[in-house]
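Numbering (the UniProt record's numbering), first residue to last: 1 to 343. Even glycine gets a Cβ: it sits at the ideal position worked out from N, Cα and C. Small disclaimer: the values here were computed from a predicted structure and weren't measured.
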């Protein structure tokens, strides 16, 4: 019996060492130029209590235009529903602002879904708004402004093992002064406190972090930067203190990333494996998936897109569903949103 158990242990160890995600499917959620807007960007995913996946993004004439609204579609494991607008930049007032960067999050073991999003003239002046759904995203509350918060800027909150809910956030004070902070809740999102991360570190400009809780309880942030690298910081005391930002081995063309810890304890990141060009959109022609054990050294394991100059495949969102499959969404040339599934 002991020999059999040891044999099984060896098999599991070998399978983990050779973990190789496989692309199962990839499709556009909607056909370009048919969804009621000309451009779209910044998608986000969540799984609802019934096992369906909902995706949200912003869409309008172009990013920053007053026509931009928040859109949503639901996947029933066969088809995506026709996109519908669920929020705009007006909030509860009459100011006609564009909407930005939705972030979806489902409270565990409930059908309650949070939709955080931004409204404002630009990322330096936007405000955070929240809508909630009690039925898995079919109906939404009136918007509520979170006046003292920025909310999750791109990537979803994480519920820690102790039940705390942590939103990875950031603020663009100026175009050359970017800082990360956390918004921390001990009551499932009813109230929040703000925790700055390395504001004293002047040589690094970072935004749009992902947060990961390692198996040993260590917390890790992985962020977009102006340093041409994905940057990381760790906390060994439950988020009270953070190590200085340091480079990973992954390139970053000042473009959004997303990362999660999988059920097999591997870390998975989707990112653009290039460096910045003269224009903001340069470096977004390729989109890769990489894995890591320690969060510092990463290995590319999957190419999701390998385009030509002028293409843009960017701003991924990554979740692992209850059945173990990994769902990824990302911008497809600002004309559509792609949904990919890997195992």
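Sort the options by Cα distance to residue i and report the nearest one.
i           : options               : result
residue 268 : 212, 166 and 107      : 212
residue 114 : 146, 180, 218 and 239 : 146
residue 266 : 343, 150, 25 and 57   : 343
residue 104 : 152, 120 and 78       : 152
residue 274 : 249, 297 and 291      : 249
residue 383 : 155, 276 and 57       : Within the shown structure, residues of the chain are numbered from 1 to 343, placing residue 383 beyond reach of any answer.
residue 170 : 163, 179 and 227      : 179
residue 256 : 67, 230, 194 and 240  : 230
residue 35  : 246, 26 and 85        : 85
residue 296 : 227, 341, 281 and 221 : 221
residue 177 : 99, 123 and 117       : 123
residue 161 : 215, 195, 234 and 242 : 215
residue 41  : 19, 53, 68 and 24     : 68
residue 83  : 302, 168, 284 and 57  : 57
Could you check if residue i is buried or exposed, using at least 16 other CB atoms within 10 Å of its CB as the buried criterion?
i           : result
residue 60  : buried
residue 217 : exposed
residue 148 : exposed
residue 3   : Low confidence applies here, because residue 3 scores a pLDDT of 40, under 50, leaving its location unreliable and the question unanswered by this model.
residue 109 : exposed
residue 26  : exposed
residue 219 : buried
residue 22  : exposed
residue 20  : exposed
Name the one or two DSSP bridge partners that residue i has.
i           : result
residue 41  : 58
residue 421 : Outside the shown range of the chain, which is 1 to 343, sits residue 421, and nothing can be said about it.
residue 327 : 319 and 341
residue 145 : 129
residue 196 : 181
residue 314 : 331
residue 24  : None, per the DSSP bridge assignment.
residue 109 : According to DSSP, which records beta bridges pairwise, residue 109 is partnered with nothing at all.
residue 160 : Answer by DSSP bridge pairing: none, since residue 160 is not bridged.
residue 220 : 212 and 234
residue 75  : 53 and 80
residue 46  : 54
residue 70  : 58 and 87
residue 100 : 118
residue 276 : Partner(s): none; residue 276 has no beta bridge.
residue 229 : 251
Only counting the same chain, and skipping five residues up and downstream in sequence, which positions put a Cβ closer than 6 Å to that of residue i?
i           : result
residue 329 : 43, 45, 55, 317, 337 and 339
residue 120 : 97, 126 and 127
residue 335 : 32
residue 258 : 155, 210, 270, 316, 317 and 318
residue 144 : 130
residue 141 : 131 and 132
residue 300 : 288 and 290
residue 16  : With a pLDDT of 46 at residue 16, under the threshold of 50, the predicted position of this residue should be treated as unreliable, and no value is reported.
residue 8   : In this prediction, residue 8 scores a pLDDT of 35, lower than 50, which makes its location untrustworthy; the coordinate-derived value is nonetheless stated afterwards. Hits under 6 Å: none found.
residue 182 : 166 and 195
How is the beta strand (DSSP E) around residue i delimited, first residue to last?
i           : result
residue 300 : 299-306
residue 116 : 113-119
residue 209 : 206-213
residue 173 : 165-174
residue 249 : 246-251
residue 258 : 258-261
residue 35  : From DSSP, residue 35 is part of no beta strand (DSSP E); its letter is neither H nor E.
Output needed for residue i: all residues of its chain with C-beta closer than 7 Å, excluding positions within five of it in sequence on either side, in chain order.
i           : result
residue 320 : 260, 262, 263 and 326
residue 14  : Interpretation of residue 14 is limited by its pLDDT of 37, a score under 50 that renders its predicted location unreliable; the figure taken from the coordinates is listed afterwards. Nothing listed; no residue qualifies.
residue 81  : 73 and 74
residue 165 : 157, 159, 185, 188 and 189
residue 111 : 48, 49, 134, 135 and 136
residue 208 : 153, 154, 155, 170, 223, 224 and 256
Can you name, in chain order, every residue of its own chain whose Cβ lies under 8 Å from the Cβ of residue i, other than the five neighbours on each side?
i           : result
residue 39  : 59, 60, 61, 62, 63, 334 and 335
residue 241 : 235
Does chain B have any CB closer than 7 Å to the CB of residue i?
i           : result
residue 133 : No chain B is present in this structure, which holds just one protein chain.
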